[in-house]
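Shown next, in structure tokens, is the structure this report addresses.
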Ligand SMILES: Nc1ncnc2c1ncn2[C@@H]1O[C@H](COP(=O)(O)OP(=O)(O)O)[C@@H](O)[C@H]1O
Ligand SMILES: [Mg+2]
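In this note's numbering, the protein residues as written are 44 to 278.
Shown next as structure tokens:
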């Protein structure tokens, strides 16, 4: 079954064609990277999938449902590129607020768990607006994962994180084996660490889709995978 589907999606911002007839799908349980250079249309795709932007034409489905439907909100976790927790609430208050909005029965235990996993314990009483950018990103991730979403859209999730935290987050995301992932990035190593398939986009169009293994096999034996990707992107 397909959990994420885009068919012939076009999105313009005035004269700019951000998505130029884009189509791809992610099977349920798949771990896919959306890989493309700056301005390729990754964030626009993610916003449309999260129901925050509407396409000009084409169809978009999350498990066969429109992204704006309430049933989708229950099963989807979306991390925007620039995520902003409530600045005047503390780390813990942010988590408690979202847990109550979502009506989570196991909210408290999930909050404790995510605070530990993301190493937010030392900051739990600090106002989110006073956190370092990296710690804000950790909180944003915790808020997205709080309801244990089955479909997870992460837009450049490792931005701002230091190397130990990146490793911690990668390790945790790998434990979520039942979820469907679409992770946008312009960094190849994030794709290879977190996903097994890639959708390469460039100038709003899909230029290649396949497994990481297939991608590696496109290049010469000693060729870095980045160089293979750059050729595909044609930039
Ligand atoms: N709100 C907007 N208004 C005008 N142009 C936009 C807007 N959002 C994105 N764009 C343009 O759409 C294109 C794709 O942007 P984006 O999806 O953010 O790319 P990416 O995330 O791959 O870097 C870019 O040319 C960008 O300038
Ligand atoms: Mg982006």
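We treat Cβ as the ideally placed atom computed from N, Cα and C, and that holds for glycine.
- For the pair residue 278 and residue 78, the CB atoms are not nearer than the 8 Å cut-off.
- Distance from the Cα of residue 172 is smallest, within the candidate group 112, 220, 128 and 230, for 128.
- Taken in chain order, the complete alpha helix (DSSP H) segments of 4 residues or longer contained in the stretch 193-243 are 206-218 and 231-237.
- Listed by position along the chain, the residues with Cβ atoms less than 6 Å from a non-hydrogen atom of ligand 1 are 56, 59, 61, 79, 81, 82, 83, 84, 85, 86 and 87.
- Cβ-Cβ separation between residue 241 and residue 75: approximately 7 Å, consistent with a contact (criterion under 8 Å).
- About 7 Å separates the beta carbons of residue 182 and residue 174, which is inside the 8 Å limit, making them a contact pair.
- Residue pairing of residue 61 in beta bridges, as defined by DSSP: absent, with no partner found.
- For residue 253, the enclosing beta strand (DSSP E) starts and ends at 248-254.
- Counting only the Cα atoms, residue 212 lies some 30 Å from residue 248.
- Taking the Cα positions, residue 262 is about 11 Å away from residue 275.
- Proximity of the beta carbon of residue 159 to ligand 2 is not indicated: no heavy atom of the ligand is located closer than 7 Å.
- In this chain, the alpha helix (DSSP H) harbouring residue 187 covers 176-188.
- Annotation for residue 100: the continuous beta strand (DSSP E) segment containing it runs 100-105.
- Taking 7 Å as the cut-off, one finds no heavy atom of ligand 2 near enough to the beta carbon of residue 125.
- Using a Cβ distance threshold of 8 Å, residue 110 and residue 91 count as a contacting pair.
- Around the CB of residue 137, 16 or more other CB atoms lie within 10 Å, so the residue is classed as buried.
- Counting only residues of its own chain and dropping the five nearest sequence neighbours on each side, residue 126 has a CB closer than 6 Å to the CB of 183.
- Only residues of its own chain outside the window of five on either side were considered, and among them 49, 242, 249 and 252 have a CB closer than 7 Å to the CB of residue 67, listed in chain order.
- Minimum Cα-Cα distance from residue 71 among the listed residues 119, 246 and 65 corresponds to 119.
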